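Throughout the sequence shown, residue numbering follows mature numbering (1 follows the signal peptide of the UniProt record, and there is no 0), covering -25 to -1, 1 to 419 in sequence. Notes follow the structure.
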Amino acid sequence: MNKSIRAKVACKYLVCALLITGAAACDKEGFLYDNITDESGTEFLVTDTITMNMSTAYLDSVPTSNLGVALCGNADDPFFGKISTTSYWQIKAFSGTTIPQRAIYDSLILVVHPKTQYYGDTTLTQHLEVYRVQEEIKRLGSSTFMYSRSSFATDPTPLGSRQMRIRPHRDTIFKIRLDDVLGKEFFTLCDKKSQTITNQTLFSRYFKGLALKPGANSQVINGFRADDSLNLRLFYHTTPGEIVQAYIDFPVYNSAVQFNHVDVQRPSGSPLATLSPTNKLLPSSAADNRLFVQPLTNLVGRIDFPYLHTFNQLSKFSKIMRATLTVRPEKATYKYPYTLPKNLVLGIIKNGNVIEDTLVSPSTGGVQYGNLLLDPIYNQTTAYTYDITNYCIAQLNSTDNSRRGLALLPPRSTGLSNFDRAILGDNKNTKNRITVQIYYLRYK
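Quick look at the structure:
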């Protein structure tokens, strides 16, 4: 055998040895790959065995102000626990026309308009109580938002209450009769055009706001419109002659400080009970291979790829062409009365569970909402899907300080205005499993 032939044979054996070594290193660093094609020295490969660390992440601060919804009620969720929510808001001062002479006070009511959001069984009783707030409703320090943990003192006795069953897609308005002592006081101030009720600053000192709280018999959480339709309404009539009824509205003032307070008590023995401001991560392996998502109770899903930055070690020359993530809710966890979020976005999350940004589509530049595919009959193929190509490429050049994970959560506009939740399987869940596929080129 001449030298040229021996050299070619040696070269082939060397290439094979390098491929075997690369595969071993790949396995060691958290990767396996399957060769799809081999064309002219370039291999087109796909891996679906990338190592993922999955967990439920606890968020310290959940902003709930200026969302246009007042949430109120109690709900008992078998997975997430006993949840209670109260809404706070300020009232706008009187700016109407002069009350006619010899007008007579009739009543003071709170007018609420149910939205379609609900959490729990809507055939059960809703019990609402209206309280006068004793403290100024304001943001803390330089904060931009009001948060779900914020609360303000109220009078010990409600101004009024009502029990009813709310049909979210049929009922459009409810009225709660309030204390006549306060009603007559408001009427007198309006009749005299007192600055106490016509000047916003003075009025906010006199009447600091309202809180809509769940009563003892509340068994469901409902959302109500928190706009100009959420009114404190003062009724009166005029005499003599034909009786003419009229009213004065006191709508929401300063929507930036209208917010929802949330309390939660996790189920006894639930792994979620271990989460707190000092213990912010619950590995999916410690939660029956599940991730829990419900931002209003401080929970989002988190996925980290600890070996992604070593991907280029597979070969001296390689390039990620495409990467996809498929997330599957666990079967039987989203039947009535519980609802999956219609949209789940991917956030870029760093240490401390601080969400920095939202991952966008490489092709459109728009936010990815998961393209939820529902399988309402068998619950087998329900899934959210994402293109994570740009994220994977960015992590190739990351360092320990710049490395980031992915957070699964609804967008703020919807995820913080209702209690929709998701229970997702991790990559070892036997029912519904998260999967990742990375398509890449490797040059020989």
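For glycine and all other residues, C-beta sits at the position ideal for the given N, C-alpha and C. Note that the coordinates shown come from a computational prediction; the quantities given were computed from them, not determined experimentally.
request  = Mind checking who D238 pairs with in its DSSP beta bridge?
outcome  = Locating residue 238 in the sequence shown gives position 263, counting from the first residue. DSSP lists S59 as partners of D238.
request  = Using DSSP bridges, identify the partner residues of I398.
outcome  = For this step, residue 398 is matched to residue 423 along the sequence shown. According to DSSP, which records beta bridges pairwise, I398 is partnered with F267.
ask   = Going straight from the alpha carbon of L225 to that of L207, what length do you get?
value = Position 250 of the sequence shown, counted from the first residue, corresponds to residue 225. Position 232 of the sequence shown, counted from the first residue, corresponds to residue 207. At residue 225 the sequence reads Phe, which differs from the Leu that was named. Taking the straight line from one Cα to the other gives about 5 Å.
query = Taking just the CA atoms, how far does S336 sit from G400?
reply = Mapped onto the sequence shown, residue 400 falls at position 425. Mapped onto the sequence shown, residue 336 falls at position 361. C-alpha separation (whole angstroms): 24 Å.
Integer-rounded CB distance, given that I330 should sit under 8 Å from G322 = The count along the sequence shown starts at 1 and reaches residue 322 at position 347. The count along the sequence shown starts at 1 and reaches residue 330 at position 355. Indeed they touch by this definition, with Cβ atoms about 4 Å apart.
key: Proximity to Q65 [Cα-Cα], best of Q240, T285, V108   = Locating residue 65 in the sequence shown gives position 90, where the first residue counts as 1. For Q65, the nearest C-alpha among the options comes from V108.
task = Would you be able to state if there are at least three C-beta pairs under 8 Å between the segment 219 to 235 and the segment 103 to 121?
result = Touching, per the Cβ criterion.
Own chain, CB closer than 6 Å to V237, minus 5 neighbours either side, in chain order = As a first step, residue 237 is located in the sequence shown; it is residue number 262 there, counting from the start. T60, S123, L271.
task = Pick out the complete beta strand (DSSP E) segments inside the segment 10 to 50, 3 residues or longer, and give them in chain order.
result = The segment 10 to 50 contains these whole beta strand (DSSP E) runs: 17 to 22, 28 to 33.
query = Does the segment 172 to 184 come close enough to the segment 240 to 259 that 3 or more CB-CB pairs lie under 8 Å?
reply = With fewer than three CB-CB distances shorter than 8 Å, the segment 240 to 259 does not count as touching the segment 172 to 184.
ask   = With which residues is residue 447 paired in a DSSP beta bridge?
value = No statement about residue 447 is possible, as the shown extent of the chain runs from -25 to 419 and does not include it.
query = Can you list, in chain order, the stretches of the beta strand (DSSP E) that have 3 or more residues and sit fully within the segment 158 to 218?
reply = Listed in chain order, the complete beta strand (DSSP E) runs (minimum 3 residues) inside the segment 158 to 218 are 185 to 189, 196 to 200, 206 to 213.
Other residues of its chain near S373: CB distance less than 6 Å, five sequence neighbours each side excluded = For this step, residue 373 is matched to residue 398 along the sequence shown. Closer than 6 Å at the Cβ level, and outside the excluded window around S373, lie H284.
key: Rounded separation between P75 and R152 - CA only   = Here the question's residue 75 lines up with position 100 in the sequence shown. Here the question's residue 152 lines up with position 177 in the sequence shown. In this structure, the alpha-carbon of P75 lies about 24 Å from that of R152.
task = Inspect the CB distances between the segment 310 to 325 and the segment 91 to 107 and report whether three or more fall short of 8 Å.
result = At 8 Å Cβ cutoff, the stretches touch.
ask   = Considering only residues of the same chain and omitting the five flanking positions on each side of I11, which have a CB-CB separation below 7 Å?
value = Position 36 of the sequence shown, counted from the first residue, corresponds to residue 11. Summary for I11: the model assigns pLDDT 48, below 50, so the residue's position carries little reliability; its value from the coordinates is reported in the next sentence. The answer, listed in chain order, is F19, L20, V21.
inquiry  = So, under 8 Å CB-CB, I148 and V86 are touching, yes? Tell me the CB distance rounded to an integer number of Å.
reply    = Counting from one through the sequence shown, the residue named residue 148 turns up at place 173. Counting from one through the sequence shown, the residue named residue 86 turns up at place 111. About 7 Å separates the two Cβ atoms, so the contact holds.
ask   = What is the DSSP secondary structure of A298, reduced to helix, strand or coil?
value = Stepping through the sequence shown from its first residue, residue 298 is reached at position 323. Correct three-state label for A298: strand.
query = Considering only residues of the same chain and omitting the five flanking positions on each side of K406, which have a CB-CB separation below 7 Å?
reply = Here residue 406 corresponds to residue number 431 of the sequence shown, with the count starting at 1. Take K406, set aside five residues on each side of it, and the residues of its chain with a beta-carbon closer than 7 Å to its own are E305, K306, G400, in chain order.
Proximity to R387 [Cα-Cα], best of S125, I112, T333 = Stepping through the sequence shown from its first residue, residue 387 is reached at position 412. Ranking the options by Cα distance to R387, first place goes to T333.
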